[in-house]
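Encoded as structure tokens, the structure appears first; notes follow it.
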Amino acid sequence: AQTVTQSQPEMSVQEAETVTLSCTYDTSESDYYLFWYKQPPSRQMILVIRQEAYKQQNATENRFSVNFQKAAKSFSLKISDSQLGDAAMYFCAYRSSNQGGKLIFGQGTELSVKP
Amino acid sequence: GAGVSQSPSNKVTEKGKDVELRCDPISGHTALYWYRQSLGQGLEFLIYFQGNSAPDKSGLPSDRFSAERTGGSVSTLTIQRTQQEDSAVYLCASSQLGGASYNEQFFGPGTRLTVL
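These protein sequences, in sequence, are chains A and B. Start counting at 1 in the first sequence, then tack on 711, and there's your number in our numbering. Start counting at 1 in the second sequence, then tack on 326, and there's your number in our numbering.
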């Protein structure tokens with residue numbers, strides 16, 4: 712069975728600075744997807760960024776980028792130029808390519824942004 | 327169109343009572359997922375519906391939990407004889423398709439269930 716681990720329960724960053732959230736996963740599959748979701752206090756899960764395992768190039772979405780290390784099974788999220796609105800719980804998630812699409816989530820990292 | 331909606335937003339019930347949680351997916355989405363978010367267990371998959379196929383119930387924690395999806399649209403998650411450990415936020419998500427191809431899952435705002 713696949714597992715996802717986020718070892719940082721809480722992180723803090725100064726506004727306009729850069730922060731990196733860590734995620735590792737365990738799987739025996741070679742084809743899968745990885746995601747970072749943001750959950751603000753409203754509880755609405757919002758997709759931040761996704762990575763297909765077959766792509767070597769790291770995904771980027773504006774101020775958000777990932778460092779995908781397939782051999783090391785590592786998938787970290789970098790947030791550049793942090794903004795107050797980035798404060799939220801961040802979840803790393805894994806999706807197999809052949810198990811119907813269900814997501815397996817890490818425990819989450821609560822990010823606070825200091826003005 | 328509208329996003330995924332869930333009702334009620336909050337539900338308080340007494341131990342031993344049955345509860346029903348409702349999810350309205352995005353129109354046209356054939357795949358629907360239920361997840362549970364609790365303090366002790368984090369975010370965990372419960373059940374997955376894809377079109378007319380048999381649902382994947384592999385995440386349901388006990389036989390007190392069941393779900394159905396009528397007409398390929400609205401889904402109801404039922405918890406019988408609720409226990410205090412059932413207290414959690416129940417999230418629903420839908421996507422255009424499930425299966426091998428990637429389709430983004432859109433989440434609803436969740437139902438916070440509190441069992442006294």
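For each residue, glycine too, the CB sits at the ideal point set by N, CA and C.
Ends of the beta strand (DSSP E) at residue i?
| i | result |
| --- | --- |
| residue 809 of chain A | Taken as a continuous stretch (DSSP letters only), residue 809 of chain A belongs to no beta strand (DSSP E), as it is neither H nor E. |
| residue 374 of chain B | 368-376 |
| residue 743 of chain A | 743-750 |
| residue 731 of chain A | 730-732 |
| residue 301 of chain B | For chain B, the structure presents residues 327 to 442; residue 301 of chain B sits outside this window and is missing. |
| residue 762 of chain A | 757-763 |
| residue 332 of chain B | 331-333 |
| residue 777 of chain A | 775-780 |
| residue 725 of chain A | 721-725 |
| residue 363 of chain B | 357-364 |
| residue 736 of chain A | 735-737 |
| residue 393 of chain B | 391-395 |
| residue 824 of chain A | 820-825 |
| residue 337 of chain B | 336-339 |
| residue 789 of chain A | 785-790 |
| residue 345 of chain B | 345-350 |
| residue 401 of chain B | 401-405 |
Suppose the cutoff is 6 angstroms on Cβ atoms and the five residues either side in sequence are ignored; what does the same chain contact list for residue i look like?
| i | result |
| --- | --- |
| residue 404 of chain B | 346 and 392 |
| residue 442 of chain B | 340 |
| residue 818 of chain A | 717 |
| residue 343 of chain B | 408 |
| residue 335 of chain B | none |
| residue 725 of chain A | 825 |
| residue 359 of chain B | 374 and 419 |
Would you report the Cα separation of residue i and residue j, rounded to the nearest angstrom?
| i | j | result |
| --- | --- | --- |
| residue 330 of chain B | residue 372 of chain B | 17 angstroms |
| residue 739 of chain A | residue 340 of chain B | 43 angstroms |
| residue 394 of chain B | residue 388 of chain B | 16 angstroms |
| residue 741 of chain A | residue 786 of chain A | 15 angstroms |
| residue 714 of chain A | residue 363 of chain B | 16 angstroms |
| residue 431 of chain B | residue 407 of chain B | 30 angstroms |
| residue 807 of chain A | residue 377 of chain B | 19 angstroms |
| residue 384 of chain B | residue 805 of chain A | 17 angstroms |
| residue 793 of chain A | residue 731 of chain A | 11 angstroms |
| residue 423 of chain B | residue 758 of chain A | 17 angstroms |
| residue 721 of chain A | residue 728 of chain A | 16 angstroms |
Beta-carbon within less than 7 angstroms of residue i's beta-carbon, same chain only, minus the 5 sequence neighbours each way: which residues are those?
| i | result |
| --- | --- |
| residue 750 of chain A | 756, 799, 800 and 802 |
| residue 812 of chain A | 806 |
| residue 781 of chain A | 764 |
Ignore the nearest five residues each way along the sequence and tell me which others in residue i's own chain have a CB closer than 8 angstroms to its CB.
| i | result |
| --- | --- |
| residue 769 of chain A | 762, 776, 777, 778 and 779 |
| residue 413 of chain B | 364, 439, 440 and 441 |
**Q.** Interface positions of the segment 415-435 of chain B facing chain A (Cβ-Cβ less than 9 angstroms), listed along the chain
**A.** 415, 417, 419, 421, 423, 424, 425, 426, 427, 428, 429, 430, 431, 432, 433, 434 and 435
Q: Residues of the segment 757-770 of chain A with a CB closer than 9 angstroms to any CB of chain B: list them in chain order, please.
A: 757, 758, 761 and 763
Q. Taking Cβ-Cβ distances below 7 angstroms as the criterion, which residues of the segment 352-380 of chain B are in contact with chain A?
A. 357, 359, 368, 369, 371, 374 and 376
Q. Using a Cβ cut-off of 7 angstroms, which residues of the segment 736-752 of chain A contact any Cβ in chain B, in chain order?
A. 744
Q.
Output needed in chain order: residues of the segment 771-803 of chain A with a Cβ under 8 angstroms from some Cβ in chain B.
A. Residues of the segment 771-803 of chain A with a C-beta less than 8 angstroms from any C-beta of chain B: 802, listed in chain order.
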